[in-house]
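Trainee:
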Amino acid sequence: MSLNLENFRASSEYREILRILQKSTNSVQNIVWQSHALGKNIVPINHFEIDFVSRGVVAFYDHNRFKIDTSLQLYAKLDYRTSVFKVPEFRLVKHAIHFSFPSEIRSEELRKAGRITFDPNIERSITIRPSLTGVQKDAQELTMRVIDASPYGLGLVVSESNRSFLKQNRILWITHLEQMKLSMPIMAEVLYINNELDPKFMRRKQKDLKVGLKISGIFQDDVYQNFIR
Numbered sequence: 044m045s046l047n048l049e050n051f052r053a054s055s056e057y058r059e060i061l062r063i064l065q066k067s068t069n070s071v072q073n074i075v076w077q078s079h080a081l082g083k084n085i086v087p088i089n090h091f092e093i094d095f096v097s098r099g100v101v102a103f104y105d106h107n108r109f110k111i112d113t114s115l116q117l118y119a120k121l122d123y124r125t126s127v128f129k130v131p132e133f134r135l136v137k138h139a140i141h142f143s144f145p146s147e148i149r150s151e152e153l154r155k156a157g158r159i160t161f162d163p164n165i166e167r168s169i170t171i172r173p174s175l176t177g178v179q180k181d182a183q184e185l186t187m188r189v190i191d192a193s194p195y196g197l198g199l200v201v202s203e204s205n206r207s208f209l210k211q212n213r214i215l216w217i218t219h220l221e222q223m224k225l226s227m228p229i230m231a232e233v234l235y236i237n238n239e240l241d242p243k244f245m246r247r248k249q250k251d252l253k254v255g256l257k258i259s260g261i262f263q264d265d266v267y268q269n270f271i272r
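In our numbering, each residue's number is its place in the sequence shown (first place is 1) plus 43.
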């Protein structure tokens, strides 16, 4: 079994890791594996359970057919977005593997086609808001720089000071592309927040983060084409 991680991105955000685990809970395509001198030992996972209190995972497998060596490193591949991670220290209890949430998960990039990365010397931005209701609407809007775009998602540069805002507001509404107001706001979901920002987009004396948005809707074609030009 081999994986080309070129189109994968890493996330260490707890909420995204939890979401990926939840999406994969009942899939029959989840596996764990170990590498040794004779090759790879691949073990199918029947299902797994999440312990929200201890932030742990219990993965069930057929221990009569498959053996796991506790002295070797264990890795996992989940069906949801071909997510892979290094399993932390684990223990075997009868027919199950017990381990803590991984500190990082790598997932296949959703936007393989149609993504445009902008010139770092030319800033493009969007305006977002956490809600479509409220009296002081303008006060709730934020303008954020865009580093790449596709019809299905956007990559943003966000300052560390706005991390808590995005963690508290996972669903956002895009109201403008640059200065062009959308006829109807487009809903977007915060998929990840990480530190994997291309240095070309970093600003001096400020810690910046990379944020990925998944678009739930369709941009007006003329507005979107003008935006990416």
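Ideal Cβ positions, reconstructed from N, Cα and C, are used throughout, including at glycine.
1. Can you check DSSP and say which residues form a bridge with residue 99?
2. Measuring CA to CA, which of 122, 147, 267, 228 is closest to residue 189?
3. Nearest to residue 278 by CA position, among 203, 174, 138, is which residue?
4. Buried or exposed for residue 245, please, with buried defined as at least 16 other CB atoms from any protein chain shown within 10 angstroms of its CB.
5. Mind checking residue 80: buried by the 16 CB within 10 Å criterion, or exposed?
6. Just mark residue 77 as buried or exposed, buried being the case when its beta carbon has 16 or more other beta carbons within 10 Å.
7. Given 8 Å as the limit, is there contact between the region 157 to 175 and the region 47 to 67, that is, 3 or more CB pairs closer than that?
8. Hey, quick one: how far does the alpha helix (DSSP H) through residue 211 stretch, first residue to last?
9. Which value, in whole angstroms, describes the spacing of the CA atoms of residue 214 and residue 173?
10. Look up residue 194 in the DSSP assignment and say whether it is helix, strand or coil.
11. Does the separation of the CB atoms of residue 237 and residue 54 fall below 7 Å?
12. Indicate whether residue 202 and residue 251 have their beta-carbon atoms separated by less than 7 Å.
13. Around the Cβ of residue 150, are there at least 16 other Cβ atoms within 10 angstroms (buried) or fewer (exposed)?
Mentor: Let's see:
1. In the DSSP output, where bridge partners are listed per residue, residue 99 has 94, 143.
2. Among 122, 147, 267, 228, the Cα nearest to that of residue 189 is on 267.
3. Any property of residue 278 remains undetermined from this structure, which presents the chain solely from 44 to 272.
4. Result: exposed.
5. Label assigned to residue 80: exposed.
6. By the neighbour-count criterion, in which 16 or more other beta carbons inside 10 Å mark a residue as buried, residue 77 falls on the buried side.
7. Contact fails: fewer than three Cβ-Cβ distances are below 8 Å.
8. First-last of the alpha helix (DSSP H) with residue 211: 206 to 211.
9. Roughly 7 Å separates the two Cα atoms.
10. Three-state result, residue 194: coil.
11. In this structure, residue 237 sits near residue 54, with a CB-CB distance shorter than 7 Å.
12. The Cβ-Cβ distance between residue 202 and residue 251 falls below 7 Å.
13. Around the beta carbon of residue 150, a 10 Å sphere encloses 16 or more other beta carbons of the protein chains shown; the residue is thus reported as buried.
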